[in-house]
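Trainee:
Listed below in structure tokens is the structure:
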């Protein structure tokens, strides 16, 4: 069970029930649970969607697509059943927030699913949890059973005469399945290979029916939005970047942990104040701002940016999944690039040529390069390979592999030069294992 | 092949979806948990339950990294060395496990007690470095703490 | 028409093209002559967007788009040729070549490899990497299929063609990422229909065939498109031939250019079972029985003997003492010539063949209404199909594929009534499993007798299912009814009459062997002249002369019996093996002079007095009529030294009995006939010869050995065969309508012996095909011993 942290700057919305025993349905109800679902039952679907639109809630999985708009894409009439699918396949390196929500507040996800169902006219919801999170599946199974027992799920939810069923589902180890169309394939019992889009899931999704796919954190935010009003949620963050967000701080910081902060929070404060700074008084070298798929930031870039979608968009990057990984001055960026590529090579589904072959050649080249057998041409070739994956692959995994690689080669080229001519890695044995300091 | 309880669970699971095969991935994982690995017999049995060919089931199994067709150790030690863990000593923990267990990546001890695997991000980044033994998380590890974890399993 | 799709205009590289809205961009461009490269896209198969070769820039879209997944819309502006697009494609090829072995000089696909073509087009020849390539040894998956894994570029065409087109689903994708691999259904080997579609569809040399691998290079072959000589479907197969010690050998069969009624479909027989052509047991010289034993003889010796003996028997005992048995694998021209020779030169109606379906009854049932007959072309888009009996998957693989394609791409509905649980039921909307042979009872039920249903139910089919099926069927106003050979005689008339209650209905009749229909149409019956014309009322065939016998002759069974009893003076058997079927033992026909034309020393040939080595269908020109009545041209692909075509053999025998050849073959009568178009691999020379003749103001004339000469007569005299010659000679299939006026052949259902071939057997040809035998051995542990023609 993961440790919890706290900081004075936090605004606890999604995390407000963490550590309060809310896995118990009665405790959850006591803490205002299922009030939002009851309220939603009195609202029209359009009103629910409008409330979510007002909140400026954007997808918390990493892509940041406006949730209300996503829901509005679902056709009102459909010959096939509609579905809500919760993406709990959290696997983006640096990201460990959905795990906390599912561990501490599973009913908030169920409630979010019910509300999404009411908004789009779906009567079934599936909660997909990654295979490694087995203990969370047990928690979720119990939560669903309890919700049925209370009549919150089933043929007559909250006595409204409406029907809604929720099911748990588990993956079995595949990062790619976090991509929404691959997630559907996996749920349908297939290999997690993404689908061709269009059609988009909102029109043709699970088993051919219109499907809303939302991240755990996104759906866990929904009950708060419905209960307290979208405006209140929106006001937590800067314009168009509504709400708070769980930031997963990891790497070289004194106080790693998952902190709920308003969007727009300065990265500098996150690292130095919330995270307690870098251990052993070392200097900052690089920051992965939102999971391993994002453009890495240099220290000056990181210290100047605010954590919201639009601030990142302005710099040509993106906010990502909330996984902030901090690297100190002794981090070898070549090795870091290699480790990232090793991950994408392992997780590439293999469907399309540029990603399947590109990640493999990048990994092989980086292994050789880091081992000191690199030649100058390799540096350009690494960049060339990544560039030729970017925007060319079947799904965003190719981009996710290309982006950090390109940003590392471009921003820390000198470190690559330092590995040339058989020189040993200049950062070898400089690694530190600081003791985490939990609040 | 499976315990009565698991059989019943499977019977229920295939009804949770519009198509039987939708239950496939969880079924495979649960079957592996009970039997130890996905043997030919397990594959044939599950294929029948979800009305697929053995080939289709194998296609799916080979896609997911948690699914194995060969026996693993009783305790499968999975060490994350992805970025957050890397920065906090994940590789050292992995190296330590190799030494301590006398086996390498994706290897199993002759006794069948432990097997070892270097794995990708486990979702424990803020509590890095992390290891999963079977499904149990062990976090904020150092080589010394890892020893205690291994001892704890060896004693079980 | 209301459903004519609206044309839209798009711009590709500044060029405006028009295509129906919704067409995929890649197809719209292809139809306009603009090539967009692709590995994974294949028309008719599900979309993959996996290879990323077809990326193009489309205005107003953020990234490069895959042309294989984008339907065109009005005003779309596309860039297919730009630095950006070329670079993207180049990078993809470069990265593929990273692991792809550079063994082009030994690879089967070298010279016709799509990856090679792309490498040349996009110039990705420079090596970027230092690491070693992944290597795995080649695997043999079946006698037919080999897999060279490192060459695989994972386009998934094989997986899709096997599953989606063949409904076999024997191939899968395993592992992920760079470890992804195509895997066969049985771990290290395949269990499938061995059709080889996966091999032909492979854009590189990853899947290769047991018959062709490492044998030759594509440019060393000549290619001739002809018609498969196995089942009655008449697939076009393009044979790759090469010089050999014995003439020209066939090394490959495929239909990659998708010409012909089968598109690119072929079954194992069409693709690989041509190896009988080079079988070591083939006869290379005539054999004449001397002192009780067959011994080699010269052609002159053999022809002299035959001519003398045939003449003797005819002149002393009359034509009725001679029997003639024709073939289901010889051409229409040969069959026509054979019956004309029998009737006109030998003066006998004792002529028959191995009947596999009741074509005369079918012809009678649809007489005068050619619109009731269906071509194979009708299958793909028929809104509804009723299949009565038969197992097309095994016996008519092309028909089965067309039916499946209809259902998959055009949404047709399939109704099946069968006494077996045939594989096609997986595609059926409604399937009735009825008791053995209860088809007549089903027709009774169909006509409205509800009580008949009580005798139609089985464990799998209840009465309410039958009622529901009939209800659905009645709603169909455009129906295709397929009759298996189990439906014969008056049952055919019944169902044809019943079927006409539908607004629109067509019928087809299933028979076996490549030219069974042709044999029937060409009058290889003791009581029917060509076109099912009764011998008693010869009509147009009166021109054969006054000596044409008027009464029906002996059928095969009677001829064999008469041979045994010595009542027949001579028996002339062309490409058939009746002695095996009727269990004739050596010595039993000693009193009859037996002449056999065949490729092999079959049971029948081994008992003959003279055996003439003949060519097979791949070694001659002519035409075949498939079981649906589709007429197609055969072109000569291969040669086998020491053998002659049946046509030539018949003509030479006629010559030796002193018959005036001009009365048999209307040669020298002008230029309407073929001057070489039908000669396949050899056509270039013949065409040049014709040009020379015309240029020098000579009139090209036919020789009596040219089958095209008699095709003129067939077209002139055989009802339903006066089809477009231009179309036929361009290599297309043309539907004939041999719907005779006659009442049918001698009503003797015992004479109809369906071949009951499976996918892996093919009568005598199958016995001499090592490929089919090795596959048979794999699946059953024994080789083919099917007693057949």
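Chains as they are written, first to last, in my numbering: chain B, 1 to 439; chain S, 1001 to 1156; chain X, 2001 to 2789.
No residue lacks a Cβ here, since even glycine has one placed at the ideal position from N, Cα and C.
Remember, it's a predicted structure, so these values are computed and weren't measured experimentally.
At the 8 Å Cβ level, is residue 1120/S part of the contact set with chain X, yes or no?
Mentor: With 8 Å as the cut-off, residue 1120/S does not count as an interface residue toward chain X.
Trainee: For residue 2419/X versus residue 2448/X, is the C-beta distance shorter than 8 Å?
Mentor: For residue 2419/X and residue 2448/X, no; Cβs fall outside 8 Å.
Trainee: Between the C-alpha atoms of residue 2765/X and residue 2276/X, what's the straight-line distance to the nearest angstrom?
Mentor: Between residue 2765/X and residue 2276/X, the C-alpha separation is close to 6 Å.
Trainee: How is residue 66/B classed by DSSP in three states: helix, strand or coil?
Mentor: Residue 66/B: strand per DSSP, three-state reduction.
Trainee: Name the chain X residues that come within less than 8 Å of residue 440/B, Cβ to Cβ?
Mentor: Outside the modelled stretch of chain B, which goes from 1 to 439, sits residue 440/B, for which no answer is possible.
Trainee: For residue 2512/X, which of helix, strand or coil comes out of DSSP?
Mentor: Three-state result, residue 2512/X: coil.
Trainee: Report all residues from its chain with a CB closer than 6 Å to the CB of residue 402/B; omit the five preceding and five following residues, and keep chain order.
Mentor: Around residue 402/B: 386, 389, 390.
Trainee: Below 8 Å CB to CB, which residues in the same chain sit around residue 2307/X once its five sequence neighbours on both sides are set aside?
Mentor: Excluding residues within five positions, the ones whose Cβ falls inside 8 Å are 2653, 2655, 2656, 2657, 2658.
Trainee: Since I believe residue 25/B is in contact with residue 143/B (beta carbons under 8 Å), could you give me their beta-carbon distance rounded to a whole number of angstroms?
Mentor: So it is a contact: roughly 7 Å between Cβ atoms.
Trainee: Residue 1015/S versus chain B: which residues are under 7 Å apart at the beta carbon?
Mentor: Near residue 1015/S there are no residues of chain B at all, since even the closest Cβ is about 10 Å away, more than 7 Å.
Trainee: Enumerated in chain order, which unbroken segments of the alpha helix (DSSP H) with a length of 4 residues or greater are wholly contained in the stretch 102-152 of chain B?
Mentor: You should have 106-120, 134-149.
Trainee: Can you give me, in chain order, the residues of the stretch 2148-2181 of chain X that have a beta carbon less than 7 Å from any beta carbon in chain S?
Mentor: Cβ contacts with chain S come from 2169, 2172, 2173, 2174, 2175, 2176.
Trainee: Excluding the five sequence neighbours on either side, which residues of its own chain have a C-beta within less than 6 Å of the C-beta of residue 363/B, listed in chain order?
Mentor: Only 341, 342, 345 meet the Cβ criterion.
Trainee: Could you pull out every unbroken beta strand (DSSP E) segment of at least 3 residues lying fully inside the stretch 2009-2091 of chain X, listed in chain order?
Mentor: Listed in chain order, they are 2015-2020, 2055-2058, 2077-2079.
Trainee: Output needed in chain order: residues of the stretch 2185-2200 of chain X with a Cβ under 7 Å from some Cβ in chain S.
Mentor: Listed in sequence order: 2185.
Trainee: Suppose the cutoff is 8 Å on Cβ atoms and the five residues either side in sequence are ignored; what does the same chain contact list for residue 2673/X look like?
Mentor: Any reading at residue 2673/X must be qualified, since the residue scores a pLDDT of 45, below 50, and its modelled position is unreliable; the value itself is stated next. Counting only Cβ-Cβ distances below 8 Å, and skipping sequence neighbours, we find 2702, 2706, 2708, 2709, 2711, 2712.
Trainee: Against chain B, does residue 2099/X count as a neighbour if the rule is that its beta carbon must be under 8 Å from one of theirs?
Mentor: For residue 2099/X, the answer is yes, since a Cβ of chain B falls inside 8 Å of its Cβ.
Trainee: Helix, strand or coil for residue 2388/X per DSSP?
Mentor: Looking at residue 2388/X - three-state DSSP - the assignment turns out to be strand.
Trainee: Using a C-beta to C-beta distance shorter than 7 Å, which residues of chain B count as neighbours of residue 2069/X?
Mentor: Per Cβ cutoff of 7 Å: 196.
Trainee: Return the CA-CA distance between residue 269/B and residue 132/B, expressed in angstroms with no decimal places.
Mentor: The alpha-carbon atoms of residue 269/B and residue 132/B are separated by roughly 32 Å.
Trainee: Please confirm whether residue 437/B has its beta-carbon closer than 8 Å to some beta-carbon of chain S.
Mentor: Note that residue 437/B scores a pLDDT of 46, beneath 50, so its modelled location is shaky and nothing firm can be said.
Trainee: Looking at the C-beta of residue 2096/X, does it have a partner C-beta in chain B at a distance below 8 Å?
Mentor: Residue 2096/X counts as touching chain B.
Trainee: Note down the Cα distance separating residue 2292/X from residue 2350/X, rounded to an integer number of angstroms.
Mentor: Roughly 27 Å separates the two Cα atoms.
Trainee: Exposed or buried, residue 255/B, counting other C-beta atoms within 10 Å across all chains shown (16 or more means buried)?
Mentor: By the 10 Å Cβ count, residue 255/B comes out buried.
Trainee: Between the stretch 2056-2076 of chain X and the stretch 2014-2031 of chain X, do three or more beta carbon pairs fall short of 8 Å?
Mentor: Contact holds: three or more Cβ-Cβ distances are below 8 Å.
Trainee: Per the DSSP calculation, residue 58/B is bridged to which residue(s)?
Mentor: Bridge partners of residue 58/B: 66/B.
Trainee: Could you say which of 2368/X, 2369/X, 2385/X lies nearest to residue 2376/X if we only look at CA atoms?
Mentor: For the residues 2368/X, 2369/X, 2385/X, the minimum Cα distance to residue 2376/X belongs to 2385/X.
Trainee: Going by C-alpha to C-alpha distance, which of 2224/X, 2754/X, 2663/X, 2557/X sits closest to residue 2323/X?
Mentor: Comparing Cα positions, the closest option is 2557/X.
Trainee: Looking at the unbroken alpha helix (DSSP H) that takes in residue 1152/S, where does it start and where does it end?
Mentor: Note, residue 1152/S: alpha helix (DSSP H), 1143-1155.
Trainee: From residue 2182/X to residue 1054/S, what distance separates their C-alpha atoms?
Mentor: Roughly 15 Å between the two C-alpha positions.
Trainee: Enumerate in chain order the residues of its own chain whose CB-to-CB distance from residue 413/B is below 8 Å, with the five nearest sequence positions on each side excluded.
Mentor: The residues are 379.
Trainee: Quickly, what does DSSP pair residue 2240/X with across the bridge? List them, please.
Mentor: Residue 2240/X pairs with 2223/X, 2252/X.
Trainee: Using a Cβ cut-off of 8 Å (strictly closer), state whether residue 1056/S contacts chain A.
Mentor: The structure shown contains no chain A; its protein chains are B, S and X.
Trainee: Apart from the five residues on each side of it in sequence, which residues of its chain come closer than 7 Å, Cβ to Cβ, to residue 2778/X?
Mentor: Excluding sequence neighbours, residue 2778/X sits near 2142, 2143.
Trainee: Are there three or more Cβ pairs, one per stretch, closer than 8 Å when the stretch 1019-1030 of chain S is compared with the stretch 165-182 of chain B?
Mentor: These segments touch.
Trainee: Suppose the cutoff is 6 Å on Cβ atoms and the five residues either side in sequence are ignored; what does the same chain contact list for residue 439/B look like?
Mentor: Only weak support is given to the placement of residue 439/B: the predicted model assigns it a pLDDT of 38, under 50, and the value that follows is read from those uncertain coordinates. Excluding residues within five positions, the ones whose Cβ falls inside 6 Å are 5, 6.
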